[in-house]
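For the sequence shown, my numbering assigns the number 1 to the initial residue and increments by one for each residue that follows. For reference, the structure discussed in these notes is given below.
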Amino acid sequence: MIKASKLLGLFLVLSFVACKETAKKESASTTEVETAVATYNIPDSWIQKRVDAANKRLNATEAGKVLWSAMEAHGGLENWYSNGYFSFHFDYKPLNGKGIRDSYQTIDTWSNKARHNSITDPSNTYGWDGEEAWVKAKDSTSFEYDTKFWALTPLYFSGQPFVLDGEGVNLELLPEVEFKGTLQKVVKATYDAGVGSAPDDYYILYINSETNLLDAFKYIVSYPEYFPEGGHAPEKITVVQGTTTVDGIVLATGFKTYWSAEAKDGLGEYITDITVSDISFSPTVEDNFFSKPEDAKVLND
Numbered sequence: 001m002i003k004a005s006k007l008l009g010l011f012l013v014l015s016f017v018a019c020k021e022t023a024k025k026e027s028a029s030t031t032e033v034e035t036a037v038a039t040y041n042i043p044d045s046w047i048q049k050r051v052d053a054a055n056k057r058l059n060a061t062e063a064g065k066v067l068w069s070a071m072e073a074h075g076g077l078e079n080w081y082s083n084g085y086f087s088f089h090f091d092y093k094p095l096n097g098k099g100i101r102d103s104y105q106t107i108d109t110w111s112n113k114a115r116h117n118s119i120t121d122p123s124n125t126y127g128w129d130g131e132e133a134w135v136k137a138k139d140s141t142s143f144e145y146d147t148k149f150w151a152l153t154p155l156y157f158s159g160q161p162f163v164l165d166g167e168g169v170n171l172e173l174l175p176e177v178e179f180k181g182t183l184q185k186v187v188k189a190t191y192d193a194g195v196g197s198a199p200d201d202y203y204i205l206y207i208n209s210e211t212n213l214l215d216a217f218k219y220i221v222s223y224p225e226y227f228p229e230g231g232h233a234p235e236k237i238t239v240v241q242g243t244t245t246v247d248g249i250v251l252a253t254g255f256k257t258y259w260s261a262e263a264k265d266g267l268g269e270y271i272t273d274i275t276v277s278d279i280s281f282s283p284t285v286e287d288n289f290f291s292k293p294e295d296a297k298v299l300n301d
């Protein structure tokens with residue numbers, strides 16, 4: 001009886017130890033998975049190489065130095081890429097009520113991939129996977145605008161000045177101007193032929209001479225599918241309407257867009273109100289997040 005009791009006790013002790021060891025292994029395994037998931041999939045060495053190249057290229061010209069200073073004031077190019085995937089709600093409201101575009105989007109800033117979900121019905125979605133534009137919608141009224149064109153367009157509002165770091169971007173330093181009572185450094189950005197879907201676009205950045213933050217920018221739309229015979233829409237000017245800092249990056253919380261005009265501050269008719277909210281960065285997205293869903297329609301020619 002005593003011998004049986006001892007054996008039973010030994011069995012219970014061994015079982016307890018085995019359970020603890022199993023729990024330890026499971027805990028360690030869980031920790032490893034969580035650590036892996038919490039890391040952006042772009043190596044730090046890649047980011048540093050890209051930032052160093054941009055730093056060298058931009059600081060070789062006076063226009064580039066101004067742009068680099070703006071990037072630094074907005075939180076730094078290294079921080080911009082290291083933060084991971086960039087998400088935000090972009091509510092674009094033309095005052096004439098036509099062409100409203102309201103979506104929540106996530107952008108891979110490293111490779112310019114995008115995925116949008118409709119605010120009114122999140123099951124309606126579209127994106128750009130780096131090679132193909134796609135849309136998945138209930139019917140033709142879900143997105144009454146060119147989703148292929150719009151997939152990355154909001155990034156060229158909310159991602160300024162960082163989106164001008166790459167090769168194929170040509171910078172020109174223009175004379176300083178006074179805008180809304182503050183002296184502005186002015187940098188014009190154009191593109192080499194074949195860069196992007198609208199290489200004839202340009203941006204003219206107004207960079208506050210006191211803060212080095214972006215106060216406004218002028219731009220044109222020359223998207224070939226809108227202008228198959230060449231040309232572009234009239235120049236517009238977009239003015240930043242407040243900022244917030246998210247994970248060290250200074251970002252606009254809204255914009256007001258006007259037609260450019262020979263008037264005070266260059267502001268013509270006020271035409272579009274833009275609100276930017278729910279801004280965040282994330283180190284991860286789901287597998288194949290930017291890829292075309294099986295039942296989506298490809299928009300490429």
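Where is the CB? At the ideal position from N, CA and C, for every residue including glycine. Every value quoted in this text rests on a predicted model; they were computed, and no experiment measured them.
For residue i, which residues in the same chain have their Cβ closer than 8 angstroms to its Cβ, ignoring the five residues on either side in sequence?
{"i": "ASP278", "result": "SER87, PHE88, HIS89 and TYR104"}
{"i": "ASP129", "result": "LYS113, PHE290, SER291 and LYS292"}
{"i": "GLU269", "result": "TYR258, TRP259 and ALA261"}
{"i": "ILE271", "result": "PRO94, LEU95, ASN96, LYS236, THR257, TYR258 and TRP259"}
{"i": "ASP295", "result": "LYS136"}
{"i": "PRO175", "result": "VAL186"}
{"i": "ILE204", "result": "LEU174, VAL186, VAL187, LYS188, ALA189, PHE217, LYS218 and TYR219"}
Can you give me the start and stop residues for the alpha helix (DSSP H) that residue i sits inside?
{"i": "PHE149", "result": "147-150"}
{"i": "ASN55", "result": "44-58"}
{"i": "SER157", "result": "Note on residue identity: the sequence assigns Phe, not Ser, to residue 157. Per DSSP, PHE157 belongs to the alpha helix (DSSP H) from 155-158."}
Assuming contact is defined by CB atoms lying nearer than 8 angstroms, are residue i and residue j in contact in what I supplied?
{"i": "ILE237", "j": "LYS264", "result": "no"}
{"i": "PHE149", "j": "ASN124", "result": "no"}
{"i": "ASN83", "j": "ASP247", "result": "yes"}
{"i": "ILE220", "j": "TYR92", "result": "no"}
{"i": "VAL285", "j": "TYR85", "result": "yes"}
{"i": "GLN184", "j": "TYR156", "result": "no"}
{"i": "ALA133", "j": "ASN300", "result": "yes"}
{"i": "ALA151", "j": "TYR126", "result": "yes"}
{"i": "ALA216", "j": "VAL239", "result": "yes"}
{"i": "ALA252", "j": "THR243", "result": "yes"}
{"i": "TRP68", "j": "ASN55", "result": "yes"}
{"i": "LYS65", "j": "LEU58", "result": "yes"}
{"i": "ILE119", "j": "ASP102", "result": "yes"}
{"i": "TYR145", "j": "GLY76", "result": "no"}
Between residue i and the rest of its own chain, which residues show a CB-CB distance below 7 angstroms, the 5 nearest in sequence each way excluded?
{"i": "THR35", "result": "Bear in mind that a pLDDT of 33 at THR35, under 50, signals an unreliable position, so the number given afterwards is only what the model happens to contain. Cβ neighbours of THR35 beyond the five flanking positions: none."}
{"i": "GLY181", "result": "none"}
{"i": "SER280", "result": "SER87 and VAL246"}
{"i": "PHE255", "result": "PHE157, THR238, VAL239, VAL240, GLN241 and ILE274"}
For the beta strand (DSSP E) holding residue i, just list the boundary residues, first then last.
{"i": "LEU171", "result": "169-179"}
{"i": "GLU72", "result": "Element bounds for GLU72: not the beta strand (DSSP E) but the alpha helix (DSSP H), 62-73."}
{"i": "ASP278", "result": "267-282"}
{"i": "ALA189", "result": "182-191"}
{"i": "TYR258", "result": "254-260"}
{"i": "VAL304", "result": "Examination of residue 304 is not possible in this model, given that the chain is present from 1 through 301 alone."}
{"i": "GLY127", "result": "125-128"}
{"i": "THR243", "result": "243-246"}
{"i": "LYS136", "result": "133-136"}
{"i": "ASN300", "result": "No beta strand (DSSP E) holds ASN300; DSSP gives it neither H nor E."}
{"i": "ILE237", "result": "236-240"}
{"i": "ASN208", "result": "203-208"}
Suppose the cutoff is 6 angstroms on Cβ atoms and the five residues either side in sequence are ignored; what does the same chain contact list for residue i look like?
{"i": "TRP46", "result": "none"}
{"i": "LYS297", "result": "VAL135"}
{"i": "GLU172", "result": "ALA63 and LYS188"}
{"i": "THR31", "result": "With a pLDDT of only 33 at THR31, under the threshold of 50, the placement of this residue in the model should not be trusted, and no figure is reported."}
{"i": "TYR40", "result": "GLY84 and PRO283"}
{"i": "PRO154", "result": "PHE90"}
{"i": "VAL33", "result": "Because the pLDDT at VAL33 is just 32, under 50, the model does not fix this residue reliably, and the value given afterwards should be weighed accordingly. Counting only Cβ-Cβ distances below 6 angstroms, and skipping sequence neighbours, we find nothing."}
{"i": "ILE42", "result": "TRP110"}
{"i": "LEU267", "result": "TYR258"}
Quick check: is any heavy atom of the ligand NAD less than 7 angstroms from the C-beta of residue i?
{"i": "GLN241", "result": "Absent from the structure shown: the ligand NAD. Ligands present: none."}
Closest Cβ-Cβ distance between residue i and chain B: below 8 angstroms?
{"i": "ILE100", "result": "The chain inventory of the structure shown lacks chain B, comprising one protein chain alone."}
*In chain order, which beta strand (DSSP E) runs of at least 3 residues are fully inside the region 78-117?*
DSSP runs (the beta strand (DSSP E)) wholly in the region 78-117: 85-94 and 101-108.
*Counting Cβ pairs closer than 8 angstroms, one from the region 152-170 and one from the region 99-118, do we hit at least three?*
Contact between the region 152-170 and the region 99-118 is present, because at least three Cβ pairs lie under 8 angstroms.
*If we count Cβ pairs, one from each stretch, closer than 8 angstroms, do we get three or more for the region 198-218 versus the region 69-77?*
At 8 angstroms Cβ cutoff, the stretches touch.
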